[in-house]
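K.L.:
In my numbering, the protein residues as written are 231 to 332. Just so you know, even glycine gets a beta-carbon here, dropped at the ideal spot from N, CA and C. Structure provided below as structure tokens; questions to follow.
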């Protein structure tokens, strides 16, 4: 007596659901890009405040750094900074990103 192979029948539905979700997410990503005026893969400049403590004195330095937009999401943005090694990715809420963007 043999058993019925359910993988061949059930494999079709997740593929369709997966592609619909990707299409929906891609559309929402494009809406968010237009709303916040950023594009995935484009370079943005942000203002970073760094505090330097040396010789007992505390100094604040303001630097403008370049970052590449790695992802655009509903409540935050993902930025990729180029540093030695693999790099650094950091997320910012949209309000914070608007404040530090240059």
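Restricting to Cα atoms, I'd like to know which of 281, 308, 288 and 319 is closest to residue 269.
P.N.:
Closest option to residue 269, Cα to Cα, is 308.
K.L.:
Considering only the alpha carbon of each residue, which of 258, 300 and 261 lies closest to residue 274?
P.N.:
Ranking the options by Cα distance to residue 274, first place goes to 300.
K.L.:
In three-state DSSP terms, what is residue 288?
P.N.:
Three-state result, residue 288: strand.
K.L.:
Find out if the Cβ-Cβ distance for the pair residue 297, residue 306 is shorter than 8 Å.
P.N.:
Not closer than 8 Å, so no.
K.L.:
Distance, Cα to Cα, residue 282 vs residue 289?
P.N.:
Answer to the nearest angstrom: the Cα atoms are 5 Å apart.
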